[in-house]
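Before any comments, here is the structure.
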Amino acid sequence: MSGVRPLAQATAQAVESATWSAGVDVGGTKVDAALLDEDGRVRAAVRTLTRRGVDGVVTSVVEAVERLCAGVGLTPTGLSCVGVGVPGMVDGASGVVSHAVNLGLGEAPVPLASLLEQRLGVDVVRVENDVNVAALGAADVLRIEGDLAYLALGTGVAAGLILDGRLRRGHLGVAGEIGHVPWGDRGRQCPCGQRGCLELYASGSAIGAAWPSGRGRPAPVELYEAAAAGDPGAVRIRDEHAEAVAMCVRVLVLTTGVRTVVLGGGVSALGTPLLDAVVGVLREAEAGSPFLRSLRLDERVLLAPREGHVAAVGAARLAQDAVVLPTVTEVPA
Ligand SMILES: [Zn+2]
């Protein structure tokens, strides 16, 4: 899982033009990185294991970028910018990360962007929450125009929001924290201190708790397969999961007005069975509500692409937007 895949031949011209960028998605277990050329095409990709702690995370990112560059004859200092997505609370302006418990970064806020600028010798390094960069990447890879919510169904549940063409982080970065919207009067206790949060029903962890993996494959896959085969217990849990995800879709559309909701995160690897189940719930709700029917919720839900290094591409895109373009520009004829 650690080979560099050069997708195309780089040229000396690319080194001089300094218009290429790198995006790095730092997950709890692995790092996915992509090198983008001046047209935004992925020219190389690399996947490595995540090391924990401040030094570990910095080194993981630096090594991924160095290997991307080496694979096509570049050096990191020749890049225009680097974008990084991390699971945690991020101040996008300063690149300071806090509450990144999955990366073992500790209690104190970590100035990850400036640490990486120093180590990489790159002027522009942007750090952002991982779900937010995945939202940017999904918009790019799926070529989605208009407002978008990227609903990440993984260990937890959260959404990245692109409204009016920009990330919406919200006060204290809380925009899109839909996993902690309590769902009706259901009473499971959430670690956040509330009861009945959507995350306790819609996440991959929720499935893992309700239908533990018995054959070594991801719990969502085993659950949805057992449900498709008619196991009544599995059907009940699958339906509850699909209802919770559909509730997330409803809340996102009704509160933000996004045109598209992309289902992402580890659970979305289920593919069509997940999409079908969620769309089925939405259609049922629409059957009883002319209002919902008029919104065509069932037509707005898409699956995140499995390929294409979505979050890494989004991280690079975010960094590109922060690069100050030269003032001398060609006037179109
Ligand atoms: Zn909660």
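Numbering that gives the first Met the number 0 applies: residue 0 is where the sequence shown begins, and numbers increase by one. Glycine included, C-beta positions come from ideal geometry on N, C-alpha and C.
Query - Same chain only: Cβ atoms within 6 angstroms of Gly145, ignoring 5 sequence neighbours per side - result: Within the same chain, Gly145 has close Cβ partners Arg258.
Report task. Measuring alpha carbon to alpha carbon, tell me which of Arg51, Val61, Gly178, Leu269 ends up nearest Gly21. Result -> Looking at the sequence provided, one finds Ala at residue 21 rather than Gly. Comparing Cα-Cα distances from Ala21 to each of Arg51, Val61, Gly178, Leu269, the minimum goes to Val61.
Requested in this report: For the alpha helix (DSSP H) containing Asp275, list its first residue and its last residue.
Outcome: Unbroken alpha helix (DSSP H) run through Asp275: 271-286.
Requested in this report: List in chain order: all unbroken alpha helix (DSSP H) runs of 4+ residues lying wholly within the stretch 66-140.
Outcome: 111-119, 129-140
Query raised in the report: Between which two residues does the alpha helix (DSSP H) carrying Thr18 extend?
Result: For Thr18, no alpha helix (DSSP H) encloses it, and the DSSP letter there is neither H nor E.
Requested in this report: Just mark Leu111 as buried or exposed, buried being the case when its beta carbon has 16 or more other beta carbons within 10 Å.
Outcome: Buried, by the Cβ-count rule.
Query raised in the report: Hey, is His170 close to ligand 1, as in C-beta under 6 angstroms from one of its heavy atoms?
Result: no
**Report entry** As assigned by DSSP and simplified to three states, the class of Cys191
**Finding:** coil
Query raised in the report: By how many angstroms is the C-alpha of Ala208 removed from the C-alpha of Asn128?
Result: 26 angstroms
Query raised in the report: Where Leu35 and Glu106 are concerned, what is the direct C-alpha to C-alpha distance, given to the nearest angstrom?
Result: 34 angstroms
Query raised in the report: Among all the DSSP beta bridges, which residues are the ones paired with Pro402?
Result: A query on residue 402 cannot be resolved here, the shown segment of the chain reaching from 0 to 332 and no further.
Query raised in the report: DSSP puts Asp31 in a beta bridge; with which residues?
Result: Looking at the DSSP assignment, Asp31 forms a beta bridge with Asp24, Arg46.
Query raised in the report: ligand 1 heavy atoms versus the CB of Gln193: any closer than 6 angstroms?
Result: yes
Query raised in the report: Could you give the residue range of the alpha helix (DSSP H) that holds Gly207?
Result: 203-209
Query - Cβ of Val248 within 7 angstroms of any chain C Cβ - result: Annotation note: the requested chain C is absent from the structure, which comprises a single protein chain.
Requested in this report: Could you pull the start and end residues of the alpha helix (DSSP H) that Gly145 belongs to?
Outcome: Per DSSP, Gly145 belongs to no alpha helix (DSSP H) and is neither H nor E.
Query raised in the report: Below 8 angstroms, can you find three or more Cβ-Cβ pairs linking the stretch 150-158 to the stretch 38-49?
Result: no
Query raised in the report: Quick one: is the Cβ of His179 within less than 6 angstroms of any heavy atom of ligand 1?
Result: yes
Query raised in the report: Apart from the five residues just before and just after Val280, which ones in its own chain have a Cβ nearer than 7 angstroms to its Cβ?
Result: Ala241, Glu242, Ala245
Query raised in the report: Excluding five sequence neighbours on each side, which residues of the same chain lie with their C-beta closer than 6 angstroms to the C-beta of Ala205?
Result: Leu199
Report task. Select from Gly264, Trp19, Arg168 the residue whose C-alpha is nearest the C-alpha of Ala310. Result -> A check of alpha carbon separations from Ala310 across Gly264, Trp19, Arg168 identifies Gly264 as the nearest.
**Report entry** Val266 and Val248 closer than 7 angstroms at C-beta
**Finding:** no
Report task. Verify the contact flag: Cys80, CB atom, against every heavy atom of ligand 1, threshold strictly below 6 angstroms. Result -> no
Query raised in the report: Per DSSP, which one or two residues make a beta bridge with Leu166?
Result: Ile161
Report task. Would you mind sorting Gln12 into buried or exposed? The rule is 16 or more other CB atoms within 10 Å of its CB. Result -> Residue confidence is low: Gln12 scores 45 on pLDDT, short of 50, so the model does not pin down where it sits. No coordinate-derived value is stated.
Query raised in the report: Among Arg142, Tyr223, Arg50, which has the Cα closest to the Cα of Pro304?
Result: Arg142
Query - CA-to-CA distance, Pro86 to Cys189, given in whole angstroms - result: 19 angstroms
**Report entry** Beta bridge counterpart(s) of Leu152 as assigned by DSSP
**Finding:** Val156
Query raised in the report: So, Val126 versus Val83, is the Cβ gap smaller than 7 angstroms?
Result: yes
Query - Residue range of the beta strand (DSSP E) that includes Val261 - result: 259-263
Query raised in the report: Any idea if Leu296 is buried or exposed, counting beta-carbon neighbours within 10 angstroms, 16 or more meaning buried?
Result: By the neighbour-count rule (16 or more Cβ atoms within 10 Å), Leu296 is buried.
Query raised in the report: Which residues in the same chain as Thr49 place their Cβ atom closer than 8 angstroms to its Cβ, once the five residues preceding and following it in sequence are excluded?
Result: Val25, Gly26, Gly27, Thr28, Lys29, Val30, Gly55, Val56, Ser59, Leu102
Requested in this report: Grab the span of the beta strand (DSSP E) containing Val300 for me, first residue to last.
Outcome: Residue range 300-302 is occupied by the beta strand (DSSP E) that includes Val300.
Query - CA-to-CA distance, Asp139 to Thr76, given in whole angstroms - result: 25 angstroms
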